[in-house]
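Residue numbers (this note's numbering), protein chains in the order written: chain A, 1 to 205; chain B, 1001 to 1097; chain C, 2001 to 2532. Just so you know, even glycine gets a beta-carbon here, dropped at the ideal spot from N, CA and C. The block underneath contains the structure these notes are about, expressed in structure tokens.
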Amino acid sequence: MSDVAIKHDEHRDDLGAKLGMWLFIFTELLLFGGLFLVYAVYRDIYAEDFHLGALQLNVTLGTLNTVVLLISSMTVAMSITAIQRGNKKLSMQLVLLTVLLACVFLVNKYFEWGAKFEHDLYPGSDLVLQFKRGSIIFFGLYFFMTGLHMFHVVIGMVVLMVMWFKLKNTTINKDDNVLLENGGLYWHLVDLIWIFLFPLLYLVT
Amino acid sequence: MSNHKAEHQHITDYWVYGLILVILLALTFITVYMVHLELAAWSVAIALGIASVKATIVLAYFMHLKFDNMLFKILVVAVVMLFVSFILLTFADYLYR
Amino acid sequence: MTTIPYKSYLEPQGKYTGLLDWLTSTDHKRIGLMYMYAIGIFFIIGVLLGLLMRIELFKPGETIMGPQTYNGIFTVHGVIMIFMVVIPGLSAVFGNLFMPIQIGAKDVAFPKLNLLSWYIFMAGAILAVLSQFTGNGPPDTGWTFYAPYSTQTGTNVLMAVTAAFVLGFSSILTGLNFIVTIHRMRAPGMTWFKMPLFPWALYSTAWIQLLATPIVGITLLMLIAERVFKIGFFDPALGGDPILFQHLFWIYSHPAVYVMILPAMGVITEIIPTFCQRRIFGYKAIALSSIAIAGVGYLVWGHHMYTSGMSFTARWIFSFLTFIVAVPSAIKVFNWVATMYKGSIALKTPFLYALAFIFLFMIGGLTGLSLGSLATDVYVHDTAYVVAHFHYIIFGGMGFAFFAALHYWFPKMYGKMYNQKIADIAWLILFFGFNMLYFPQFVLGLQGLPRRYYDYMPQFETGEVLSTIGGFVLFIGIIMMITNLIIAARNGPQAPDNPWGGKTLEWTIPSPPPMENFDTPPVVSKEPYDYE
């Protein structure tokens, strides 16, 4: 019974919730930051091999995925505007659209990775192990970085689906939508990381 | 610390997001195009520069930093600076070996 | 004093009874105690492993174990003590127990997340302990998991690394929770500079936990990827650079030292004004030096790598920064001593531990500077001198501060008082045992005794024997202290609400604290250490 009393008393702190989300985003940024540091060091050591490695990657698919992620970032941002204006239906549709775009990203990635595996270009394959050392590192980094990013895309999709259900049962509504904002922040983080991954992996020359 | 809810919520118009997307897409295509120009040493700097601009735009508009509490802006800058100092100190090793 | 009936946090709360009532509780005080019990058990395991090493080193040659067992034992001793005892120690236990009360809050900002951190911590801890008994023998890399050996040894490194990764996650969540709590939950009137100094220290610590831990997270993930998928991040044969592993590892693990010592300094800063009944000297300097230590502490990791083959430029830069980080630490020490000056000092147990802290921390800190200078480091690198140095910091510093905090807040935590005479005797034994255990290792190190070997040359025997005897004295002190506290928690006499005459908010509420800490939310108008 005292439990109920606490619940009622619990004050809502939107700014605190958002601060918590930003702090979490910082940890994610530094997680990838560590990887970017590794990338920078090896790129410095093996500039030539990284150039040759990048030529093996499919720039068209990479660009397409960049476009997809940017659009999805916009749709999730718009979904917040929609709910803030009380348009629940539009907000839900925009969240769903974001998830669909994330699926498109994953399908693209599937074909991209699939092609690499077909050509025996994966870490530890007999072919890659015969490469120069810089190229071995490049493909290692390519798979590890895009793989970890993909993992975040999947988590982001789960987060967005949770948002969709919360919109549906009006846990997230016109007056209380910090949860959706936080979910959106996570999705933008996924976009933010890709903004750097794309030129570093596909366009280094 | 009395009332935290509904702190003058800033609602961004749809068209602003649309415009931001157009700018981001344009920057993306510029980066891809730049690669074919064979600017050698400069290409990485340009690619990273454009990526940083894109990231700033995403942070400011999509992630609402522009309209949010000052605290968040300070923290984001501090975190970026921390990361840059990690890079610089590590390269104090690798560049002078 | 406690005539008004109230329900303390120790009494059954919710729909469950017994253990389940605790395991489902999101009360910050209960979570703090749960951390304490878990960490206490791990600490004892770590101590026993340490004693096994001391027994092995009692005589030259093989005494009770061979080299492989010894490698496993010092690795697991390190992993347990670092990741499961000292890193979470003060912030997870006393931070959880008292930080919200000290800032006048009902709980932390995200109570459920707080409970989740405890479960993640336990999951990581169980993995770490399991790594001992499963696979092909305990990991033998040392707690630093240096590549490329850690990517090649056949022992159970993978599980231990995963454990460290999981424990890091718990640490991040605690840090996140504390930052938001301190930003958003301070009582009305408590401005930043009216906040007690323990929360200040925790705030700085939380930023390190938050921003440094992800780096070791990704490093450990890369290590796992290297072992599982043959991505040669750190393997020279595949193009990797083992020194890069050291960079990444210490980018986290050096700031982690400050995760251990900053809250310890915070505890000491609480204890000294209370037992001198005097306003803290240099409040702002102490508060800001915590932030300064946290900030500069990020930038000194390279001093662990002077002999690794790092460039000379990097070496002198890191050495320079290392000397800078000593400045804010010294500021704190001077302020503590200045606070005592002309105070009416009460030599109670917590204060004795605080004094021991200052003494041991000074030795640890100053020997740290001799390690931070390039020339002397080359001479004593990887010797027993280093072992002595970091035990003085970690055990003499953080460990003694933990004991100080335990004796300081014990009456508040349980509402019972311990036998102060026995506590004082235990302190004396601990202090003697500690110095006898570790001081000879400075000398041995200077004489050239390398660390991490199960065997040694006969000329080191005197020092090693002294050290081992010291280890047993220390162990007796620990057992005596813990027994005394357990007896007190069970049947000790009732403790008053404010046995030491403290001024911070936790002393204004009953012992043990009520479930929601404060009947009416406190309004703060005065400085935290308002004596005189």
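### Message
Distance cutoff 7 Å, beta carbons only. Does Phe2249 of chain C sit that close to anything in chain A?
### Response
no
### Query
What does DSSP give as the partner residues of Pro2450 of chain C in its beta bridges?
C:Thr2383
### Task
Determine the extent of the alpha helix (DSSP H) in which Ser1085 of chain B is found, giving its start and end residues.
1070-1094
### Separation of Leu201 of chain A from Met2053 of chain C, as counted between CA atoms
48 Å
### Task
Measure the alpha-carbon distance for Gly147 of chain A versus Gly184 of chain A and round it to whole angstroms.
21 Å
### Query
Gln93 of chain A touches chain B at which residues, Cβ-Cβ below 7 Å?
Correct list: empty, because the minimum Cβ distance to chain B is about 13 Å.
### DSSP three-state assignment for Ser2008 of chain C, whether helix, strand or coil
strand
### Message
Against Leu1021 of chain B, what residues of chain A qualify as contacts under a CB-to-CB distance less than 7 Å, listed in chain order?
### Response
Leu70, Ile71, Met74
### Buried versus exposed, by CB contacts within 10 Å (16 or more), Phe191 of chain A
For clarity, residue 191 of chain A is Asp in the given sequence; the question names Phe instead. Classification for Asp191 of chain A: buried.
### Query
Does DSSP classify Gln2013 of chain C as helix, strand or coil?
coil
### Query
How many Å lie between Arg133 of chain A and Phe2245 of chain C at the Cα?
17 Å
#### Entry: For Val128 of chain A and Asn2136 of chain C, the rounded distance between their alpha carbons
30 Å
### Message
Nearest by alpha-carbon distance to Ala2338 of chain C: which of C:Met2084, C:Pro2273, C:His2304 is it?
### Response
C:Pro2273
#### Entry: Ile2328 of chain C - DSSP class collapsed to helix/strand/coil
The question names Ile, but residue 2328 of chain C is Pro in the sequence shown. DSSP places Pro2328 of chain C in helix when its eight states are reduced to three.
#### Entry: Contacts around Met2190 of chain C, its chain only, beta-carbon distance under 8 Å, and the 5 residues preceding and following it disregarded
Ile2103, Gly2104, Val2524
### Identified DSSP bridge partners for Gln2494 of chain C
C:Lys2416
### Test: Asp9 of chain A CB closer than 7 Å to a CB of chain B
Low confidence applies here, because Asp9 of chain A scores a pLDDT of 40, under 50, leaving its location unreliable; read the following figure in that light. Not closer than 7 Å to any Cβ of chain B, the Cβ of Asp9 of chain A fails to qualify, so no.
### Query
Hey, quick one: how far does the alpha helix (DSSP H) through Ser2525 of chain C stretch, first residue to last?
From DSSP, Ser2525 of chain C is part of no alpha helix (DSSP H); its letter is neither H nor E.
### Inter-residue Cα distance where the pair is Phe2145 of chain C and Gly2078 of chain C
11 Å
### Message
Using the three-state DSSP reduction, which class does Pro2499 of chain C fall into: helix, strand or coil?
### Response
coil
### Query
Is Pro2236 of chain C helix, strand or coil by DSSP?
helix
### Query
What are the residues that DSSP puts in a beta bridge with Pro2514 of chain C?
C:Ser2008
### Query
If you count every other CB in all the chains shown that lies within 10 Å of the CB of Leu180 of chain A, and 16 or more means buried, which is it?
buried
### Query
If you follow the alpha helix (DSSP H) that Thr170 of chain A is part of, which residue opens it and which one closes it?
Thr170 of chain A -> no alpha helix (DSSP H), and no H or E assigned at all.
### Task
Count the CB pairs spanning the region 83-98 of chain A and the region 2192-2201 of chain C that are closer than 8 Å, and state whether there are at least three.
no
### Query
Buried or exposed: Val1016 of chain B, going by 16 or more other Cβ atoms within 10 Å of its Cβ?
exposed
### Query
Buried or exposed: which applies to Ser2 of chain A, given that a residue is buried once 16 or more other Cβ atoms fall within 10 Å of its Cβ?
The predicted model places Ser2 of chain A with a pLDDT of 35, which falls under 50 and marks its position as unreliable; any figure quoted below should be read in that light. The residue is exposed, with fewer than 16 neighbouring Cβ atoms inside 10 Å.
### Query
Are the region 11-19 of chain A and the region 2169-2186 of chain C touching by the rule of at least three beta carbon pairs closer than 8 Å?
yes
### Query
Using a C-beta cutoff of 7 Å, does Leu200 of chain A count as contacting chain C?
no
### Query
Are the beta-carbon atoms of Tyr1094 of chain B and Asp44 of chain A separated by less than 7 Å?
yes
### Task
Measure the alpha-carbon distance for Leu203 of chain A versus Val2325 of chain C and round it to whole angstroms.
41 Å
### Query
Could one say the Cβ of Thr2307 of chain C lies closer than 7 Å to chain B's Cβ atoms, at least one of them?
no
### Query
Should Met2260 of chain C be labelled buried (16 or more other beta-carbon atoms within 10 Å of its own) or exposed?
buried
### Message
Against chain B, with Cβ distances strictly below 7 Å, would Met2001 of chain C count as a contact?
### Response
Below a pLDDT of 50, predicted positions are generally treated as unreliable, and Met2001 of chain C, at 44, falls in that range; the measurement from the model is reported next regardless. Taking Cβ atoms only, chain B never reaches closer than 7 Å to Met2001 of chain C, which makes this a no.
### Task
Using a Cβ-Cβ cut-off of 7 Å, state whether Thr1028 of chain B counts as contacting chain C.
no
### Leu31 of chain A and Gly2217 of chain C closer than 7 Å at C-beta
yes
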